[in-house]
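K.L.:
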Amino acid sequence: MSRRRVQPPWWTLLLVASAAAGTVHGLLLVSGAGTQTVRPLQMALHLAAAAAYLVAVHLCRKIASDHGEKTRMRLAWGLITASAAIAVLRHVFEWLVLATGWIDAHLATLVSLRQIPIVLSLLLLTAGLAAMWSSFAAVGLGLRFRPSDGLLLGAILALVPAILVLRDSMHDAQSAYPLIRRLQSASPLLLAAPAAMSVVLHRIRQEMGGGRMAASLRCLAAFLVMRLVSLWLGLIPGVAAATILSRTLWWAAPWLFVVAVWHRWQVTVSAAQLAVRYETDPETELAEITRELELRRRGHAAAAQR
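Residue numbers (the numbering used here): 247 to 552.
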């Protein structure tokens with residue numbers, strides 16, 4: 247039976263649109279455009295990011311409900327749902343401080359409190375990925391690193407000191423609250439930790455056979471690495487190209503997170519469709535499953551020989 251290839255829906259277009267708008271944002275910043283020009287675009291981008299994470303909350307809740315009560319995977323997706331929900335609040339708050347003008351009058355006080363939802367969201371995401379890793383380990387799924395994995399992990403970890411050197415240039419480095427300054431300084435570590443975990447989880451899933459779960463984890467890793475790289479590029483002083491690329495990556499990242507979650511949701515959708523097809527024509531479906539498993543086995547054998 248032929249299987250229709252499912253394409254990501256309209257939010258992939260929003261990813262591209264947000265990246266393009268982010269490029270424009272970066273160009274306006276390096277051109278020295280005034281706040282009356284930059285601020286409306288920035289406000290629109292914050293609303294778009296909030297919408298992206300709101301879509302992710304909806305999908306993550308559905309994925310969590312797909313797992314049994316008190317399972318580690320349900321806990322993992324519950325934590326990821328909470329992380330996305332707090333990200334929604336963070337971007338709504340960012341929009342509010344721009345819309346009200348607080349960013350001009352209270353930059354070192356009220357506005358700097360945005361670091362609290364940023365840190366909470368990253369902590370919950372890290373905890374969710376840790377629970378997911380624990381779930382894989384509980385069923386005996388091991389990990390075999392490849393040289394490319396080691397290089398990527400090394401690059402992720404190398405970005406942490408590169409960012410910390412420039413931490414005095416971060417947005418809230420001049421916050422009136424010592425706790426906020428410390429939270430902001432922790433941001434590169436809190437981005438690097440889940441990024442490294444997602445790389446490990448992606449490799450585990452690849453060893454299990456790839457598929458949409460691997461695509462989901464690959465997009466999730468890219469989302470976190472993009473945020474980390476964007477943070478670093480945005481701190482490099484006097485390099486216009488770095489600022490433009492930083493804004494491009496930063497504003498595209500939320501929609502990449504949606505794509506990552508969507509790929510995982512398609513695993514559930516495909517399973518439900520398979521159940522319906524199996525009830526209708528079990529012999530054909532069993533033959534198709536057997537054929538696909540054999541093709542995967544041959545592919546893994548060929549990869550192992552290489």
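Virtual Cβ for every residue (Gly too), placed ideally from N, Cα, C.
Examine the Cβ distances between the stretch 428-438 and the stretch 492-501 and report whether three or more of them are shorter than 8 angstroms.
P.N.:
Contact fails: fewer than three Cβ-Cβ distances are below 8 angstroms.
K.L.:
On the DSSP letters alone, give me the boundaries of the alpha helix (DSSP H) that leucine 397 sits inside.
P.N.:
As a first step, residue 397 must be located in the sequence shown, where it is residue number 151. Its alpha helix (DSSP H) spans residues 393-411.
K.L.:
Pull up the distance between the alpha-carbon of aspartate 312 and that of valine 471, whole angstroms please.
P.N.:
Residue numbering aside, residue 312 sits at position 66 when the sequence shown is read from its first letter. Residue numbering aside, residue 471 sits at position 225 when the sequence shown is read from its first letter. Looking at the two C-alpha atoms, the distance is approximately 28 angstroms.
K.L.:
Restricting to Cα atoms, I'd like to know which of Gly347, Gln361, Ala468 is closest to leucine 399.
P.N.:
For the purposes of this step, residue 399 is taken as the residue at position 153 of the sequence shown. Per the Cα distances, Ala468.
K.L.:
Would you call arginine 473 buried or exposed, if buried means 16 or more other Cβ atoms sit within 10 Å of its Cβ?
P.N.:
Taking the first residue of the sequence shown as position 1, residue 473 is located at position 227. Classification for arginine 473: buried.
K.L.:
Report yes or no: do three or more beta-carbon pairs, one from the stretch 406-414 and one from the stretch 342-353, lie closer than 8 angstroms?
P.N.:
In short, these stretches do not touch, since the Cβ pair count stays below three.
K.L.:
Closest to alanine 461 by C-alpha separation, out of Gln420, Ala488, Met289, Trp511, would be which residue?
P.N.:
Working through the sequence shown from its first residue, we reach residue 461 at position 215. The option with the nearest alpha carbon to alanine 461 is Trp511.
K.L.:
For a test of the three-state rule: what should DSSP assign to alanine 422, helix, strand or coil?
P.N.:
On the sequence shown, position 176 is the one that residue 422 refers to. Three-state result, alanine 422: coil.
K.L.:
To the nearest angstrom, report how far apart valine 515 and alanine 310 are at their CA atoms.
P.N.:
As a working note, residue 515 is residue 269 in the sequence shown. As a working note, residue 310 is residue 64 in the sequence shown. Answer to the nearest angstrom: the Cα atoms are 14 angstroms apart.
K.L.:
Taking the straight line between their C-alpha atoms, what separation do you get for tryptophan 497 and alanine 297?
P.N.:
The count along the sequence shown starts at 1 and reaches residue 497 at position 251. The count along the sequence shown starts at 1 and reaches residue 297 at position 51. Approximately 12 angstroms, taken between the alpha carbons.
K.L.:
From what residue to what residue does the alpha helix (DSSP H) around serine 329 run?
P.N.:
Residue numbering aside, residue 329 sits at position 83 when the sequence shown is read from its first letter. That run of the alpha helix (DSSP H) goes 318-346.
K.L.:
Pop quiz: alanine 373 and alanine 330 are said to be a contact at Cβ under 8 angstroms. What is the actual Cβ separation, rounded to whole angstroms?
P.N.:
Here residue 373 refers to the residue found at position 127 of the sequence shown. Here residue 330 refers to the residue found at position 84 of the sequence shown. In fact, because the Cβ distance is near 13 angstroms, the residues do not count as touching under 8 angstroms.
K.L.:
Thinking just about the alpha-carbon of each residue, which of Leu466, Leu436, Val334 is nearest to the one in isoleucine 445?
P.N.:
The residue given as residue 445 occupies position 199 in the sequence shown. The question names isoleucine, yet the displayed sequence has valine at residue 445. Comparing Cα positions, the closest option is Leu466.
K.L.:
Which residue marks the beginning of the alpha helix (DSSP H) containing histidine 292, and which one marks its end?
P.N.:
The residue labelled residue 292 in the question sits at position 46 within the sequence shown. Histidine 292 -> alpha helix (DSSP H) spans 281-311.
K.L.:
Would you kindly work out how many angstroms separate the C-alpha atoms of serine 264 and isoleucine 450, rounded to a whole number?
P.N.:
If you number the sequence shown from 1, residue 264 lands on position 18. If you number the sequence shown from 1, residue 450 lands on position 204. One C-alpha to the other measures close to 31 angstroms.
K.L.:
Near alanine 354, which residues of its chain fall below 6 angstroms by C-beta distance, leaving aside the five closest residues on each side in sequence?
P.N.:
Within the sequence shown, residue 354 is the residue found at index 108, counting from 1. Within the same chain, alanine 354 has close Cβ partners Gln420, Ser421, Ala422.
K.L.:
Measure how close the beta-carbons of arginine 318 and glutamate 340 come, nearest whole angstrom, since I'm counting them as under 8 angstroms.
P.N.:
Residue 318 sits at position 72 when you count from the first residue of the sequence shown. Residue 340 sits at position 94 when you count from the first residue of the sequence shown. About 33 angstroms; that fails the 8 angstroms criterion.
K.L.:
Go ahead and pull the three-state DSSP assignment for arginine 271.
P.N.:
Counting from 1 along the sequence shown, the entry for residue 271 is found at position 25. One point to set straight first is that residue 271 is histidine, not arginine, in the sequence displayed. Helix at histidine 271.
K.L.:
Is the CB-CB distance between leucine 287 and leucine 274 below 8 angstroms?
P.N.:
Residue numbering aside, residue 287 sits at position 41 when the sequence shown is read from its first letter. Residue numbering aside, residue 274 sits at position 28 when the sequence shown is read from its first letter. Against a cut-off of 8 angstroms, the Cβ pair of leucine 274 and leucine 287 comes out as a contact.
K.L.:
With distances taken between CB atoms, is the gap from leucine 463 to leucine 447 smaller than 8 angstroms?
P.N.:
Taking the first residue of the sequence shown as position 1, residue 463 is located at position 217. Taking the first residue of the sequence shown as position 1, residue 447 is located at position 201. The answer is yes: Cβ separation under 8 angstroms.
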